[in-house]
Amino acid sequence: MRLDHDLLIAGGGPAGLATALYAVRAGLRPVVLEPRAAPADKACGEGLMPGAVRALTALDVAVPGLPIEGVHYVQGAHRVRAAFRAGPGRGVRRTVLHAALHEAVLAAGVPIVSARVDEVRADATGVTVLGPDLRGRWLAAADGLHSPTARAFGLRIEDPRPARYGLRRHFAVAPGSPAVEVHYGTFGEAYLTPLGPDLTGVALLTSRRASFDEQLGGYPALAERFPSQLAVTAVRGAGPLRQRMRRRVAAGGRVLFVGDAAGYVDALTGEGIALALAGAAALVDSLRRGRPQDYERSWSRATRRHRLLTECLVAARRNPLTASRIVPAATRLPVVFGAVVNALA
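Next comes the structure, spelled out in structure tokens:
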């Protein structure tokens, strides 16, 4: 069968679109397969760390939004701040970021096909996706947190630990500071991201199944600051957040997973977009060199620091002996806290 493209990309979210941009720069012929119209919304903290801003700028993607100068942690009476040392991050609506990436991909001449990948068939010479009925040398599965492709290949590992979920809503409230505020509560965390002069994104990470208003009620000061009558968007949710993978390369190197589809720890450190960009760059580099089998090791190396720190923070969050001491410890060790934040940023 003839090859329609070098790289088929299942999923047109930020990970899939970034993979397409890296592929064009590597001299490959990609196509993006995405059934949703752009821009697509998703429950997201909407804070880009400085590393993500730099990566998007290097891809010639204009990054709009408000500058983010750092991160503020709040737990009871304890507060600690860490400023970004390598330039500001950005607070940007998910739809705005998706639109910017979508426009950059179209400007690069990459076709975006409105289609859902129903089935993947791989052989020694390439991959065929049924639904759009296209064939390529490789498939990059960027089909999200609950990747149907990962399920179809039997790569997901069930996790017995308690699940965590994310909820997000926007409020017509001026940001309280030029930083992301992280408030620690009994069952999770609340993230306040400055998105505009009179717009703040409120994202809740929680292990408790309850409505957004009930969850926000666990933070009395925030519930008063963000009353439901000032909400300007509906609530969006995502989860369970933790997704474990057996591996990120399948079908003899013909199918590779990127973004949330490659596995996910937690949104606690706010690094989803940065990790997706790092994974996309590693995936395309392995294909450019004709060594897709190297992607597993490259992905692991590119994401190791973030995965380790996130796992440690989530474990500390779940332990009753340490959960209430995270921010107090950071206030006593501000240099260490700043180093951790900037390592993640």
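Residue numbers (this note's numbering): 670 to 1014.
All C-beta atoms, glycine included, are put in the ideal place defined by N, C-alpha and C.
Work out the CA separation of residue j and residue i for me, nearest whole Å.
i	j	result
residue 861	residue 782	35 Å
residue 974	residue 1012	8 Å
residue 999	residue 776	45 Å
residue 867	residue 839	10 Å
residue 851	residue 744	9 Å
residue 709	residue 1008	34 Å
residue 737	residue 719	9 Å
residue 951	residue 897	42 Å
residue 989	residue 826	26 Å
residue 908	residue 814	8 Å
residue 670	residue 789	Low confidence applies here, because residue 670 scores a pLDDT of 46, under 50, leaving its location unreliable and the question unanswered by this model.
residue 962	residue 954	11 Å
residue 757	residue 733	12 Å
residue 983	residue 939	13 Å
residue 927	residue 697	17 Å
residue 965	residue 918	6 Å
residue 764	residue 916	30 Å
residue 804	residue 714	36 Å
residue 735	residue 793	48 Å
residue 995	residue 1001	10 Å
residue 811	residue 685	5 Å
residue 899	residue 824	43 Å
Starting from residue i, follow its DSSP beta bridges and name the residues at the other end.
i	result
residue 868	865
residue 838	871
residue 912	933
residue 760	716 and 735
residue 750	741
residue 859	852 and 873
residue 924	808 and 919
residue 905	837
residue 676	699 and 807
residue 900	840
Among the options, whose alpha-carbon lies nearest the alpha-carbon of residue i?
i	options	result
residue 769	965, 737 and 726	726
residue 629	890, 854, 867 and 865	Because the chain is modelled from 670 through 1014, residue 629 falls outside the range shown and cannot be assessed.
residue 784	705, 759, 878 and 911	705
residue 1004	913, 700 and 751	751
residue 877	867, 870, 869 and 910	910
residue 773	947, 683 and 903	683
residue 699	949, 908 and 963	949
residue 678	767, 797, 898 and 960	797
residue 856	870, 884 and 708	884
residue 689	963, 849, 906 and 780	780
residue 829	913, 709, 906 and 846	913
residue 979	1014, 762 and 952	1014
residue 904	756, 832 and 879	879
residue 820	841, 932 and 723	932
residue 976	945, 962, 754 and 717	945
residue 941	858, 891, 721 and 890	721
residue 675	899, 695 and 730	695
residue 795	993, 921, 928 and 985	921
residue 767	993, 680 and 881	680
residue 809	895, 831 and 786	786
residue 717	906, 802 and 762	762
residue 807	673, 991, 730 and 871	673
Contact defined as beta carbons within less than 8 Å: I believe residue i pairs with residue j. What is the distance between those atoms, to the nearest angstrom?
i	j	result
residue 816	residue 712	The Cβ separation is near 17 Å, so there is no contact.
residue 701	residue 791	At roughly 19 Å, the Cβ-Cβ gap does not stay under 8 Å, so residue 701 and residue 791 are not in contact.
residue 972	residue 947	6 Å
residue 864	residue 760	5 Å
residue 692	residue 728	Not really, about 11 Å apart at Cβ, beyond 8 Å.
residue 859	residue 834	Going by Cβ atoms, the distance from residue 859 to residue 834 rounds to 13 Å, so no, they are not a contact pair.
residue 848	residue 739	5 Å
Following a CB-centred definition, is residue i positioned closer than 7 Å to any heavy atom of the ligand MG?
i	result
residue 856	The ligand MG is not among the ligands present in this structure, which contains no ligands whatsoever.
Which residue spans inside the segment 680 to 728 form an unbroken alpha helix (DSSP H) run of at least 4? Segments of the alpha helix (DSSP H) lying fully in the segment 680 to 728: 683 to 694 and 719 to 727.
Exercise. Pick out the complete beta strand (DSSP E) segments inside the segment 769 to 833, 3 residues or longer, and give them in chain order.
Key: Taking only runs of at least 3 residues, the beta strand (DSSP E) segments lying wholly in the segment 769 to 833 are 788 to 791, 796 to 799 and 803 to 810.
request  = Note down, one range per segment and in chain order, each beta strand (DSSP E) of at least 3 residues found wholly within the segment 937 to 989.
outcome  = Taken in chain order, no unbroken stretch of beta strand (DSSP E) lies wholly in the segment 937 to 989 with a span of 3 residues or more.
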